[in-house]
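Residue numbers for the sequence shown follow UniProt numbering, beginning at 1 and rising by one. Notes to accompany the following structure.
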Amino acid sequence: MTFRAALIEQTVTGGRVQDHRAELADLDDDFLAGSGGDSPVDIDVLYSGINYKDGLALAGKPGVARTSPLVPGIDLVGEVRTSADARFSPGDAVVLTGGGIGESAHGGLAQRARVSAEYLVKLPEGLTPGRAAAIGTAGFTAMLSVLALERGGVQTDAGRVVVTGSAGGVGSVAIAVLAKLGFEVTAVTGRADTQGDYLHRLGATELLDRQEFAETGAPLQKRRWAGGVDSVGSATLANVLAQTDDGGTVTSCGLAQGHDLPTTVMPFILRGVTLAGINSVTAPRALREEAWARLAGDLPVELLDEMTQEIALGEVFAQAEKILAGQVRGRTVVNLAS
Ligand SMILES: NC(=O)c1ccc[n+]([C@@H]2O[C@H](COP(=O)([O-])OP(=O)(O)OC[C@H]3O[C@@H](n4cnc5c(N)ncnc54)[C@H](OP(=O)(O)O)[C@@H]3O)[C@@H](O)[C@H]2O)c1
C-alpha cells in the first residue's frame, strides 16, 4: 500500500548540510521496514504539525534530521492499525510527540508511521485528534513548563509570571494555561503591534517589547517575576533570571534568540532562583500522561482553536520558512487527509 509523505534527503559533511532536498513522495510500507524497534506500532496518521524544529529540518538547517532519507515531523496523532506492543490495540487514538521521530526515526509528516511504543500516549478523554495535534510538541512543552513552575512552588498569589516568545507555539499555550490557572501573565513579544489583541485574548494582562530583554543587563535587576517560561534563551533568559523574585522558578526550553546564556550565578546564590530545564523529547511516560491529562483540562479549547491554523501536507515546505522567519502565530496543524 502506498502513502503520501514529506521526505528529506540530504548529505551532511562536517556538520554542514549539503544537497538538501525536501519534497512530497509516494512511499510504500517497505519504506518503514525496520522502524519502531522490536515492538513497533503501525499508525494511520491523521494529523501532524509544524514546530520550530520541523522548520529547521524541512529548510535544511543542521542538527535536527540525523539520518537520510527521513520522513520529518516530530509530532503525530492517529489511529493504531496494528501493534506488537501489548499496551496498544488496533483502533486506539494515540499521540506521539518527540521521542526521536522526525529526527533519527521517521516522523509524522506522512499518512502512515511505524513507531516505538516507548513514548506513545493514548489520547486523553475529551481531546479530539485535531486538537491534540494543535497542542503538539510546543503545547506539550508549555505544559511541562507549567508543571515545573508548580513543582518549584510558584503560586498564583506570589506575583506576575513572564512568558517569552509569547506569540509562538510554546508561548501561546503557556499563556493560555497560566491565565486559566489564575496567574497574572506578562507576555514578552516582538509583535505587540500585530499580535497584541491575540495575546490579551489568550490571557496576558501586560505586554512588553522583546527589545527590552535583547541585550545583556545587570546580573541582578529589580524583582519583577514570581516565575517565568522562556523559549528564547540568550540575553532574554539572562534578563528574566536577573529580574526573578526570591525563590522563583524560570523554565528554559528553547533558543529562538540563541543558545548562549550570558548570566552569572547571582540570581541563584543571592535570590535562590531555580532554572528548570525542559526536554520534551525524552520526557518519561508518566510525565507525558500527566501533562496530556492536564492539557485536556487546563487549556481552553476555544483559545487553542484560535491559535491554530490547519494546512495540507503540500504546504509544509512554505510553512517551514515562515516559522523560521518568526511569521507564524501559535500553532500549525497538518491534516494528512487533505
Ligand atoms: N526543549 C524542548 O523540548 C522544546 C520543545 C518545543 C520547542 N522547543 C524550542 O522552543 C523554541 C520555541 O518553539 P516554538 O515551537 O514555540 O517556536 P515558534 O512558534 O517559532 O515561536 C518562537 C517565538 O520566539 C520569539 N522569537 C523569535 N526570534 C526571536 C529572537 N531573535 N529574539 C527573541 N524572541 C524571538 C517569537 O515570539 P514573538 O513573535 O512573540 O516575539 C517567536 O514566535 C524553539 O527554540 C524550539 O526549538 C524546545
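Each residue gets a CB set at the ideal place from its N, CA and C atoms; glycine is no exception.
Hey, could you find the ends of the beta strand (DSSP E) V80 is sitting in? Numbered from 1 along the sequence shown, position 80 holds the residue referred to as residue 80. Here the beta strand (DSSP E) through V80 covers D75 to S83.
Counting Cβ pairs, one atom from each stretch, are 3 or more of them under 8 Å apart for the stretch 132 to 149 and the stretch 57 to 72? no
Tell me whether Y119 sits in a helix, a strand or coil according to DSSP, three-state version. Translated into positions along the sequence shown, residue 119 becomes position 119. It is coil, neither helix nor strand.
May I ask you to report which of helix, strand or coil DSSP gives L261? Translated into the one-based positions of the sequence shown, residue 261 becomes position 261. Three-state DSSP puts L261 in coil, outside helix and strand.
Between which two residues does the alpha helix (DSSP H) harbouring E302 extend? The residue given as residue 302 occupies position 302 in the sequence shown. Run containing E302: V301 to E306, per the alpha helix (DSSP H) assignment.
So, for V273: in the same chain, excluding its five sequence neighbours on each side, which residues have a beta-carbon less than 7 Å away from its beta-carbon? Position 273 of the sequence shown, counting from 1, holds the residue named residue 273. For V273, where only same-chain residues beyond five positions count, the Cβ hits under 7 Å are L241, T244, G248, V250 and P267.
Once DSSP output is grouped into helix, strand and coil, what is the label at Q327? If you number the sequence shown from 1, residue 327 lands on position 327. In the structure shown, Q327 sits in coil (DSSP, three-state: anything other than H, G, I, E or B).
Which one or two residues does DSSP pair with N335 in a beta bridge? Residue 335 sits at position 335 when you count from the first residue of the sequence shown. N335 is bridged to Y47 and A312.
Looking at C-alpha atoms only, which residue of G152, A33 and A6 is the closest neighbour of L24? Residue numbering aside, residue 24 sits at position 24 when the sequence shown is read from its first letter. Nearest of G152, A33 and A6 to L24, Cα basis: A6.
What did DSSP end up calling L144 once you bin it into helix, strand or coil? As a working note, residue 144 is residue 144 in the sequence shown. In the structure shown, L144 sits in a helix (DSSP, three-state: H, G or I).
Have a look at the DSSP bridge pairing and note the partners of I101. Taking the sequence shown and counting its residues from 1, the one referred to as residue 101 is at position 101. Beta-bridge pairing links I101 to A105.
Three-state secondary structure assigned by DSSP to D193: As a first step, residue 193 is located in the sequence shown; it is residue number 193 there, counting from the start. If DSSP states are grouped into helix, strand and coil, D193 belongs with the helices.
Between which two residues does the alpha helix (DSSP H) carrying A296 extend? Looking up residue 296 in the sequence shown gives position 296. It spans R285 to D298 - the alpha helix (DSSP H) in which A296 sits, taken as one unbroken run.
With hydrogens ignored, establish whether the beta-carbon of I101 is closer than 6 Å to any heavy atom of ligand 1. For the purposes of this step, residue 101 is taken as residue 101 along the sequence shown, with counting starting at 1. Every heavy atom of ligand 1 is 6 Å or more from the Cβ of I101, so no.
Buried or exposed by the 16-neighbour rule on C-beta atoms within 10 Å, applied to residue 341: Residue 341 lies beyond the range of the chain shown here (1 to 338); nothing can be said about it.
For the beta strand (DSSP E) containing T13, name the first residue and the last one. Looking up residue 13 in the sequence shown gives position 13. Segment T2 to T13, the beta strand (DSSP E) holding T13.
Residue closest to T308, alpha-carbon to alpha-carbon, out of L181, G227 and A134: If you number the sequence shown from 1, residue 308 lands on position 308. For T308, the nearest C-alpha among the options comes from A134.
Beta-carbon proximity of V170 to A187, cut-off 7 Å: Translated into the one-based positions of the sequence shown, residue 170 becomes position 170. Translated into the one-based positions of the sequence shown, residue 187 becomes position 187. Not a contact, by the Cβ cut-off of 7 Å.
Might you give, ordered along the chain, the residues of its own chain that have their beta carbon closer than 6 Å to the beta carbon of S83, omitting 5 neighbours on each side? Locating residue 83 in the sequence shown gives position 83, counting from the first residue. Cβ within range, chain order: V41.
Less than 7 Å between the C-beta atoms of R288 and V121, yes or no? On the sequence shown, position 288 is the one that residue 288 refers to. On the sequence shown, position 121 is the one that residue 121 refers to. Yes. Within cutoff.
Where does A318 sit, in a helix, a strand or coil, going by DSSP? As a working note, residue 318 is residue 318 in the sequence shown. Three-state result, A318: helix.
Are the CB atoms of S234 and G165 nearer to each other than 7 Å? Residue 234 sits at position 234 when you count from the first residue of the sequence shown. Residue 165 sits at position 165 when you count from the first residue of the sequence shown. Their beta carbons are not under 7 Å apart, which means S234 does not touch G165 by this criterion.
Nonlocal neighbours in the same chain, by C-beta distance under 6 Å from T11, ignoring five residues either side: Position 11 of the sequence shown, counted from the first residue, corresponds to residue 11. Hits under 6 Å: Q18 and D19.
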